[in-house]
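Chains as they are written, first to last, in our numbering: chain A, 2 to 181; chain B, 251 to 430. Yeah, the Cβ is synthetic: ideal placement off N, Cα and C, and Gly gets one too. All of these numbers come straight from a predicted model, not from anything done at the bench.
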């Protein structure tokens, strides 16, 4: 966002007469900067989605390594070896995830990392129904993130949970979309 | 449209035929409106209102069809006066609700509107989530966009009484997405 980086001061001073060059700099250039800034609102926002396609055993308290990057645009980066998505540009993000289990075990999943307020309150899903095919899910939640903050999905169940392979239907996924 | 946007048609603020030009008028009619518009572009996202509330585990019970009182964790616009959230500004908002039931009940959740004076409910519970599966520690969840007026007041209700399941499982987000 540049219009301009610092607030405008008084560009017109007495007794300097306003010539075409100074009027161009003070009006035309500024209007064009404003137009450019307006046209760029919403441009370059970050989107990210990763899926877990191979069968995987979950460990309570350890981030899920979603093994397949589906899409990643804008800023930010994802490390599939530890399941960490690192925020690039600060802004408002919608964050959502879904898991589907193979075994009849009730467990929950939390948003790990992230701004401290959410970690402190352990923002997480309700416990899923203990039946195969069910799993913890968080609907899209709006969260302000700063550049460099790291987001993960962490199961918070002390037992053994297996995610079945989902090579074709992407039943287990982690999605982040910047909206502002 | 937000009242922060300068109105170019304010009487006596614009040029008239034959009017002498001076640097003060140039500043007032060019610098100031341009800076106001630039300031809006620089800050519009940062001014979006955010609310995040939680329920602590151990709350004896939440009654069915009763406005839920939340512990405000984030309230950037100061819009929350339990149990109602009143937006500071009209616009499109995103609502996200998750309820972790500690008991085996099946119920849905949604928001209700009150009058601006927090009077009786004026709308039914709509939109509603689907029911939780009726097993202990599960619960309903929903995310949806809704247009709110500045004098709307909204609260969360559920259709079944419940005990809070565990820390982090009951939360309510209200996030402003647009102005006006």
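Burial state of residue i, where buried means 16 or more other Cβ atoms lie within 10 Å
| i | result |
| --- | --- |
| residue 115/A | buried |
| residue 390/B | buried |
| residue 83/A | exposed |
| residue 2/A | With a pLDDT of only 40 at residue 2/A, under 50, the local geometry of the prediction cannot be trusted, and no value is derived from it. |
| residue 175/A | buried |
| residue 397/B | exposed |
| residue 400/B | exposed |
| residue 380/B | exposed |
| residue 36/A | exposed |
| residue 117/A | exposed |
| residue 382/B | buried |
| residue 315/B | exposed |
| residue 107/A | buried |
| residue 93/A | buried |
| residue 251/B | Because the pLDDT of residue 251/B is 41, which lies under 50, any placement of that residue in the model is unreliable, and the question is left without a value. |
| residue 63/A | exposed |
| residue 268/B | exposed |
| residue 287/B | buried |
| residue 274/B | exposed |
Three-state secondary structure (DSSP) of residue i
| i | result |
| --- | --- |
| residue 362/B | strand |
| residue 29/A | helix |
| residue 22/A | helix |
| residue 37/A | helix |
| residue 418/B | coil |
| residue 392/B | strand |
| residue 270/B | coil |
| residue 276/B | helix |
| residue 112/A | strand |
| residue 147/A | coil |
| residue 13/A | coil |
| residue 355/B | coil |
| residue 2/A | A caution first: residue 2/A carries a pLDDT of 40, below 50, which makes its placement in the model unreliable, though a value can still be read off. Coil, per DSSP. |
| residue 312/B | strand |
| residue 153/A | strand |
| residue 426/B | strand |
| residue 410/B | coil |
| residue 265/B | coil |
| residue 251/B | The pLDDT assigned to residue 251/B is 41, lower than 50, so where the model puts this residue is not dependable; a value taken from the coordinates is nonetheless given after this. Coil at residue 251/B, not helix or strand. |
| residue 400/B | coil |
| residue 334/B | strand |
| residue 377/B | coil |
| residue 139/A | strand |
| residue 405/B | strand |
Beta-carbon spacing of residue i, residue j below 8 Å
| i | j | result |
| --- | --- | --- |
| residue 162/A | residue 96/A | no |
| residue 427/B | residue 344/B | yes |
| residue 431/B | residue 327/B | Nothing about residue 431/B can be read from this structure; chain B reaches only from 251 to 430. |
| residue 208/B | residue 341/B | Given that chain B is displayed from residue 251 to residue 430, the structure contains no residue 208/B and the question cannot be resolved. |
| residue 280/B | residue 181/A | no |
| residue 352/B | residue 111/A | no |
| residue 31/A | residue 284/B | yes |
| residue 88/A | residue 147/A | yes |
| residue 177/A | residue 66/A | no |
| residue 49/A | residue 277/B | no |
| residue 99/A | residue 136/A | yes |
| residue 138/A | residue 126/A | yes |
| residue 151/A | residue 75/A | no |
| residue 334/B | residue 423/B | no |
| residue 361/B | residue 331/B | no |
N- and C-terminal bounds of the alpha helix (DSSP H) containing residue i
| i | result |
| --- | --- |
| residue 168/A | Element bounds for residue 168/A: n/a, residue is neither H nor E. |
| residue 284/B | 282-293 |
| residue 120/A | 117-121 |
First through last residue of the beta strand (DSSP E) which encompasses residue i
| i | result |
| --- | --- |
| residue 78/A | 78-80 |
| residue 72/A | 69-74 |
| residue 302/B | 300-304 |
| residue 86/A | 85-87 |
| residue 345/B | 341-348 |
| residue 324/B | 321-325 |
| residue 52/A | 48-52 |
| residue 176/A | 174-179 |
| residue 92/A | 92-99 |
| residue 58/A | 57-59 |
Inter-residue CB distance, residue i and residue j (contact presumed, cutoff 8 Å)
| i | j | result |
| --- | --- | --- |
| residue 307/B | residue 416/B | 5 Å |
| residue 311/B | residue 413/B | 5 Å |
| residue 56/A | residue 173/A | The pair is not a contact, with the Cβ atoms about 10 Å apart (cut-off 8 Å). |
| residue 429/B | residue 339/B | 6 Å |
| residue 156/A | residue 70/A | 20 Å between Cβ atoms; not a contact. |
| residue 140/A | residue 404/B | With a Cβ gap of about 17 Å, residue 140/A and residue 404/B do not count as contacting. |
| residue 337/B | residue 297/B | 12 Å between Cβ atoms; not a contact. |
| residue 113/A | residue 153/A | 4 Å |
| residue 47/A | residue 77/A | 5 Å |
| residue 303/B | residue 421/B | 7 Å |
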